[in-house]
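Student: One structure is given below, represented as structure tokens, and several questions about it will come after.
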Amino acid sequence: MRWMLAPTAFDVDSCCVTRFTPLHAPVISGWVADQRELLWLAPATAPPLTAEKVNNWSRSEQQRFVLWHTPTRRPIGYSELDFLQPLRDQMWIGHFIIDPAVRGMGLGHVFASTLLNMAFDRFAAQHVLLLVFPENRAAVRCYERLGFVETGAEVKRFDQQPEECVLMRMLLERSRYRRLAATRMAPSPALPFVPEAADVPISMT
36 MRWMLAPTAF
46 DVDSCCVTRF
56 TPLHAPVISG
66 WVADQRELLW
76 LAPATAPPLT
86 AEKVNNWSRS
96 EQQRFVLWHT
106 PTRRPIGYSE
116 LDFLQPLRDQ
126 MWIGHFIIDP
136 AVRGMGLGHV
146 FASTLLNMAF
156 DRFAAQHVLL
166 LVFPENRAAV
176 RCYERLGFVE
186 TGAEVKRFDQ
196 QPEECVLMRM
206 LLERSRYRRL
216 AATRMAPSPA
226 LPFVPEAADV
236 PISMT
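Just so you know, the sequence shown maps onto residues 36 to 240 in the working numbering.
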């Protein structure tokens, strides 16, 4: 039976961000419902998504994180921050996904905001970039609320896709993010980073 978290029982204060471990991969691989979701999440990954494929997303210069729900001892979100080589002042958000059991509760905004704070403060990035399919309107709205702006389109060819993919390129400068947060035009809630949370055994019930 698929694990479900009752929306009425959810409390964002019971969440934190922690480091990804390979033990999280089987849970994360179960969040993709169909091929369209996999396309939007990881266009270079062939279906079906498996734990092995999630683990193989790892690259050097990459920071991998999960959104962790402490009461149930489970990851409920996943994403990565990558340095854009050779530049050390730019980072990239990749493979951003929230457990479908808790979508629609604002967790994408909170998780992304936490990643941005980490990119700008912990890793001293000046710019954070990402690519998103323009058809993924929920994701685009989430990023726009955080202050991202569209900077153009990128046409990419992936071995797993029969046609070229047109993606929206979005950028957020550190100065803009801080300015919007200060004027409360783009609230920037941030969750604590708790490295040791990743050492807690995952509950499968």
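Quick reminder that beta carbons are idealized off the backbone N, C-alpha and C, glycines included. This one's a predicted model, so the numbers in the text were calculated from it and none came from an experiment.
Alanine 174 by DSSP, collapsed to three states: which one?
Tutor: Alanine 174: helix per DSSP, three-state reduction.
Student: Check glycine 141 in the structure and name its three-state DSSP category.
Tutor: The answer is coil: DSSP assigns glycine 141 none of H, G, I, E or B.
Student: With DSSP collapsed to three states, give me the class of tryptophan 127.
Tutor: Tryptophan 127: strand per DSSP, three-state reduction.
Student: So who's on the other strand from histidine 59, going by DSSP bridges?
Tutor: Histidine 59 pairs with nothing; no bridge assigned.
Student: What number of angstroms, rounded off, separates the C-alpha of glycine 182 from the C-alpha of leucine 74?
Tutor: The alpha-carbon atoms of glycine 182 and leucine 74 are separated by roughly 25 Å.
Student: So the candidates are Asp69, Val137 and Gln125; which of them puts its Cα closest to the Cα of tyrosine 113?
Tutor: Checked all of Asp69, Val137 and Gln125; the closest Cα to tyrosine 113 is Val137.
Student: Considering only the beta carbon of each residue, do methionine 205 and phenylalanine 158 sit closer than 9 Å?
Tutor: Taking 9 Å as the Cβ cut-off, methionine 205 and phenylalanine 158 do not qualify as a contacting pair.
Student: Within 10 Å of its beta-carbon, does glutamate 179 have 16 or more other beta-carbons around it, so buried, or fewer, so exposed?
Tutor: Classification for glutamate 179: exposed.
Student: By the three-class DSSP mapping on this structure, what secondary structure does glutamine 98 have?
Tutor: If DSSP states are grouped into helix, strand and coil, glutamine 98 belongs with the strands.
Student: Can you give me the Cβ contacts of serine 238 inside the same chain, cut-off strictly under 7 Å, excluding the 5 residues immediately before and after it?
Tutor: Closer than 7 Å at Cβ, skipping near neighbours: Thr107, Arg108 and Arg109.
Student: Alpha carbon to alpha carbon, what distance is there between aspartate 117 and alanine 232?
Tutor: When rounded, the distance between both Cα atoms is 22 Å.
Student: Can you tell which of Val175, Gln195 and Arg192 has the C-alpha that lies nearest to the C-alpha of methionine 203?
Tutor: The shortest C-alpha separation from methionine 203 is found at Val175.
Student: If you follow the alpha helix (DSSP H) that valine 89 is part of, which residue opens it and which one closes it?
Tutor: Start and end: 86-90.
Student: Is it buried or exposed for aspartate 134, if we count other Cβ within 10 angstroms and need 16 for buried?
Tutor: With 16 or more other Cβ atoms within 10 Å, it is buried.
Student: Taking DSSP's pairing of strands, which residues face arginine 54 in a bridge?
Tutor: DSSP, once it has assigned bridges, lists Phe100 as partnering arginine 54.
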